[in-house]
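Peer 1: Residue numbers (my numbering): 12 to 251.
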Amino acid sequence: MSTQLSKQTTKQWLQSEKLKSQIGQALPVGKEVDRFMRCLYTAVQKVPKLQSCSQESLFSTMIASAQLGIEPDGRLAHLIPYGQTATLIIDYKGLVELAYRTGNVSNIHADVVCENDDFEFNLGQVEKHKIDLRKPRGDMYAVYVIVTLKDGSKKCEVMSKEEVDKIKNRSKSGNSGPWVSDYNEMAKKTVFKRASKWLQLSPEVRDAIQHDDKEYQAAEPVIDVTNTELPDELPGLSTT
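1. Measure the beta-carbon distance from Val158 to Lys166 and round it to whole angstroms, keeping in mind my assumption that it falls under 8 Å.
2. Output needed for Ala37: all residues of its chain with C-beta closer than 7 Å, excluding positions within five of it in sequence on either side, in chain order.
3. In angstroms with no decimal places, state the Cα-to-Cα distance between Ile220 and Val107.
4. Output the boundary residues of the beta strand (DSSP E) element that contains Asn118.
5. Give me the Cα-Cα distance between Asp102 and Val123, rounded to the nearest whole angstrom.
6. DSSP on Ser164, reduced to helix/strand/coil?
7. Can you give the beta carbon distance from Val58 to Leu90, rounded, assuming they're within the 8 Å contact cut?
8. Buried or exposed for Gly135, going by 16 or more other Cβ atoms inside 10 Å?
9. What is the rounded straight-line gap between the Cα of Val156 and the Cα of Ile119?
10. Roughly how many angstroms lie between the CA atoms of Asn180 and Trp190, to the nearest whole one?
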C-alpha cells in the first residue's frame, strides 16, 4: 500500500500556510520564504511525476533543500522522482555556492578535458589547459577542479571519465535527470566532492556532501526524516 498525491492535492499543499511555515523555519537566516516556495511550486510543475511520489519523500526533500538554503531551481539543485521517492540532487553550482558562503574559499575552477584540448597534469597539479575554440574539442575524457583557499593554498583533483561513470552508475538516477541533461556539471560536482575530502570546509558544505552521498546508497533512504515533523495530512489522499 502506498500513499500518493493527486495533482489537485499537491497544488493545495504547496500553497498551504502550514508548509510555508515549516519551510520558513528550516531556511537559513536571510533566505526569503516566498521566493523559496515559488521555486518549489515551479519544480513540481516542471516534473509532474513528482506529484506521484510519497508525501514523506517529497516533504523531506523540500525540508533538506530549505535547510541547506539551496533552491531546487534546476541550476543549483534538482528534485527528481525515483519511482515513488522524491530525490534531492545538488548540482555542482549548488555546492560551489555553499563553499563560497563559508568565506574560506577564494576561488573554485572546474572544467572538463576533451580530446583536442592541450592539457597537462603533473605531480598533483594542473600545469596547463588550453582550448582552441576555432575547432571542435572532441569527446570529454577527464574532469578537474582547482580550489583556492583564502590563505593561498590550493587543492587540485583530476578524474577520468571512466572514474566519473563508475560513480554515475551507482546513482539511482544515473539514467535520468541531471546525469543525462547536465552530465558535465555532474562530473564537475563529482570531482569537487573528491577534492573536498582534503579541505577544511564548513559543516554546511559537509552536510550537503553527506546528503548527496545518500543518493548513491541504494539500501538507505534518500533523506533521513527521523525527528522531522510532517505537515498536517493532505486532503484528498488516496490509498492504494
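Every residue gets a Cβ at the ideal spot worked out from N, C-alpha and C, and that includes glycine.
Peer 2: In short:
1. 5 Å
2. The residues are Ile74, Ala77, Gln78.
3. 11 Å
4. 116-125
5. 15 Å
6. In this structure, Ser164 counts as coil in the three-state DSSP scheme.
7. 6 Å
8. exposed
9. 7 Å
10. The straight-line gap from Cα to Cα measures roughly 10 Å.
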